[in-house]
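Worksheet for the structure shown next.
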Amino acid sequence: MIEVRELSKSFGAVDAVAGVSFRVCRGEIVGFLGPNGAGKTTTMRILAGVFPPSSGTVRIAGRDPLREPLECRRAVGYFPEYAPFYPDLRVAAYLRFVARLKRIPRAHRANAVAEVLAACALEGVAHRRVGTLSKGYRQRVGLAQALCGNPPILILDEPTIGLDPGQVVEIRDLVRRLRGDRTVFFSSHILSEVATVCERVIVIARGRLVGEGTPDQLSARLGRRRRVVIRVDGPADEVTTALAAVPGVLRVERREGGFALEAAEGADVVRAAGAAMQQRGWSILELREEAIALEEIFLRLVSDGDPRS
Amino acid sequence: MTVLALARKELALYFTSFLFYALATVFLLLAGYFFYTNLGFFVLMGGVNLQRGLWQYQLLDLQRILLVLVPLFTMRLFAEERKLGTLELLWTYPVRDAEIVLGKFLACLGVLTLMVGATAVHPIMVATVYPVEAGPLVAGYAGLWLLVAAFVACGLFLSALTDSQLVAGAATYGVLLFFWVITWNEAAVNEVTLHLLVPFSLFDRFYPFALGAVDTRDVVYLVLFTIAFLGFTWFALDARRWRGLR
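Chains X and G supply the protein sequences, listed in that same order.
Here the first sequence is numbered in this note's numbering, starting from 107 and rising by one per residue.
Here the second sequence is numbered in this note's numbering, starting from 29 and rising by one per residue.
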């Protein structure tokens with residue numbers, strides 16, 4: 107449904123997106139992952155028809171947005187980052203306005219609005235001004251406008267940003283329910299979120315594609331590493347050297363009066379590090395193993411550029 | 029169709045905003061005050077040429093109030109949408125930029141037409157006690173309407189350039205004042221330049237209308253001015269291709 111080939115977009119001297127290619131098939135729910143400033147929003151704006159790419163080709167439901175911009179826009183429901191809204195319009199009136207702009211015939215308009223109000227559980231606030239609603243509700247109004255007109259493709263730019271944890275779960279469930287037979291392209295900078303909602307993930311950093319696959323494939327590719335935290339009563343520099351020499355230790359990092367060791371999979375670093383310290387006569391004040399959060403690895407790898415490093 | 033939907037939304041926003049009512053009140057009070065004093069002037073002066081003189085004074089006064097008030101109506105049109113981020117959403121609907129520009133222009137012009145139209149109560153009041161010649165008055169109001177359209181187009185353009193309503197309003201004052209004073213200091217420019225400048229003075233273009241005379245050249249100029257600024261607005265929106273949304 108969405109096909110992107112060698113997509114690039116630059117603003118003046120800044121290359122926001124530099125040669126990205128990917129596909130999203132019909133009925134798929136795909137996460138678009140990357141740190142802030144990676145080019146996610148620019149890519150999504152191009153797909154939604156806000157502006158054309160500098161180079162590369164885009165196909166939305168088989169059509170070329172450069173040739174048939176309005177038809178492409180009709181096929182896409184877009185939810186922009188931060189869910190912009192008109193504070194003074196009432197929810198139902200706003201959605202009627204959207205339905206008119208989406209050229210839904212007059213006879214179906216009331217139905218279309220009622221449908222999205224129900225789908226996003228907004229009936230109770232239909233006559234409230236959008237500006238008086240809570241952030242969670244405003245986010246749902248944003249989803250409702252994207253959904254209006256029943257477009258086959260939904261492009262959602264960070265739909266959970268700035269929400270409290272309860273609202274995040276609510277919006278995620280809503281997105282999953284809305285899916286039906288739609289194609290959903292969903293961006294986030296939080297890996298776990300994408301992993302729970304999406305079947306496939308596309309990772310982008312600094313305008314380039316750095317990874318693609320199911321959440322499982324991706325985390326396997328990122329490697330299963332562990333971290334060992336140790337606090338020792340000894341000269342810091344010597345301790346660092348000694349720890350680095352322990353078999354299985356990939357990296358030593360000093361932090362808050364102790365050390366964090368990154369350990370390779372399968373190595374018994376806790377026991378080995380403890381033994382090494384005792385051997386030199388330094389007392390161990392703390393020694394424990396810590397799970398590395400998936401997203402921490404992801405963010406570090408993305409900032410390194412090479413996902414295999 | 030979508031132009032009307034856009035215009036309708038703009039009207040809804042005008043009619044729910046306190047600023048609109050405040051501005052309309054200021055306009056009608058000032059217009060009423062000018063009418064009262066102008067009428068008083070002509071009646072006390074012995075009613076000399078009341079037919080033409082009164083409406084000429086009144087229309088020129090209305091023009092000055094509108095110069096002050098119209099930028100306050102137009103400043104929010106695009107600047108607010110940029111600030112809110114809703115402009116981005118409009119660009120993802122199956123709507124052409126030209127339709128967005130036209131919808132906003134028509135809504136703002138509609139609101140101002142309503143407001144200026146309300147001052148028709150003055151001639152109606154006079155007509156109950158004294159004969160009013162309709163022709164020059166209609167010509168004057170037609171000219172005023174064209175002038176308002178030109179003001180709105182200019183304000184719309186400057187509003188499309190920035191996400192700050194204040195900047196949009198200030199810039200509109202700048203441009204409109206420039207087109208007002210452009211011919212004031214005749215001594216400072218030579219004959220040739222003056223001839224080049226005079227056609228560009230919005231207000232010199234309005235003056236004959238106020239006297240009740242419709243000159244095709246004035247109509248064409250005001251219409252072209254409006255169309256040109258609507259075109260500039262379209263270009264300002266199109267600039268997102270290379271400028272991004274900032």
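Where a beta carbon is used, it is the ideal one built from N, C-alpha and C, also for glycine.
Quick caveat, the model's predicted, so the values are computed rather than measured.
- Listed along chain X is no residue with a C-beta nearer than 8 angstroms to that of Ala188(G); the closest approach is about 15 angstroms.
- Boundaries cannot be given for Ile210(X), as no beta strand (DSSP E) includes it and DSSP labels it neither H nor E.
- Taking Gly364(X) as the centre and dropping the five residues before and after it, the same chain places the C-beta of Val335, Ile336, Arg337, Glu392 closer than 7 angstroms to its C-beta, in chain order.
- Annotation: Cβ neighbours of Arg209(X) in chain G (cutoff 8 angstroms, chain order): Met29, Thr30, Pro122.
- Residue contact check for Gly155(X) against chain G: a CB pair falls below 7 angstroms.
- Of all residues in the segment 155-184 of chain X, the ones placed with a Cβ closer than 9 angstroms to any Cβ belonging to chain G are Gly155, Val156, Phe157, Pro158, Ser160, Pro175, Leu176, Glu177, Cys178, Arg179, Arg180, Val182, Gly183, Tyr184, in chain order.
- Below the 8 angstroms Cβ cutoff, chain G contributes Ala40 as neighbours of Ala199(X), in chain order.
- When C-alpha distances from Phe207(G) are compared across Val220(G), Pro236(G), Ser187(G), Leu175(G), the shortest belongs to Leu175(G).
- If you compare the alpha carbons of Val217(G), Thr221(G), Tyr61(G), Leu258(G) with that of Gly183(G), the shortest gap goes to Leu258(G).
- It is roughly 14 angstroms from the alpha-carbon of Leu165(G) to the alpha-carbon of Gln91(G).
- For Ala311(X), the three-state secondary structure derived from DSSP is strand.
- In chain order, Arg151, Val156, Pro186, Pro190 make up the part of chain X whose C-beta sits under 8 angstroms from the C-beta of Glu116(G).
- One finds Phe203, Arg206, Leu207 in chain X with Cβ atoms closer than 7 angstroms to the Cβ of Ala33(G), taken in chain order.
- Counting the other CB atoms within 10 Å of its CB gives Pro321(X) a total of 16 or more, which places it among the buried residues.
- If you check the CB distance, Val281(X) and Val236(X) do not come in under 7 angstroms.
- One finds nothing in chain X with a Cβ atom closer than 7 angstroms to the Cβ of Ser192(G); even the nearest lies about 17 angstroms away.
- Listed in chain order, the positions of the segment 267-295 of chain X with a beta carbon within less than 8 angstroms of a beta carbon of chain G would be empty, since no residue qualifies.
- Within the same chain, and ignoring the five residues on either side of Leu115(G) in sequence, the residues whose Cβ sits closer than 6 angstroms to its Cβ are Glu109.
- Here Arg179(X) is buried, its C-beta having at least 16 other C-beta atoms within 10 Å.
- Contiguous alpha helix (DSSP H) elements confined to the segment 41-86 of chain G occur at 46-72, taking only those with 4 or more residues.
- Of the candidates Gly171(G), Phe263(G), Gly272(G), His223(G), the residue whose Cα lies closest to the Cα of Pro236(G) is Gly171(G).
- The DSSP assignment places 271-285, 297-303, 321-328 as complete runs of the alpha helix (DSSP H) inside the segment 244-331 of chain X, in order along the chain (cut-off: 4 residues).
- Around Ala124(X), the same chain offers Ser114, Gly313, Arg314 as residues with beta carbons nearer than 7 angstroms, after the five sequence neighbours per side are excluded.
- Apart from the 5 residues on each side of it in sequence, Leu58(G) sits with its Cβ closer than 6 angstroms to the Cβ of Ile93 in its chain, given in chain order.
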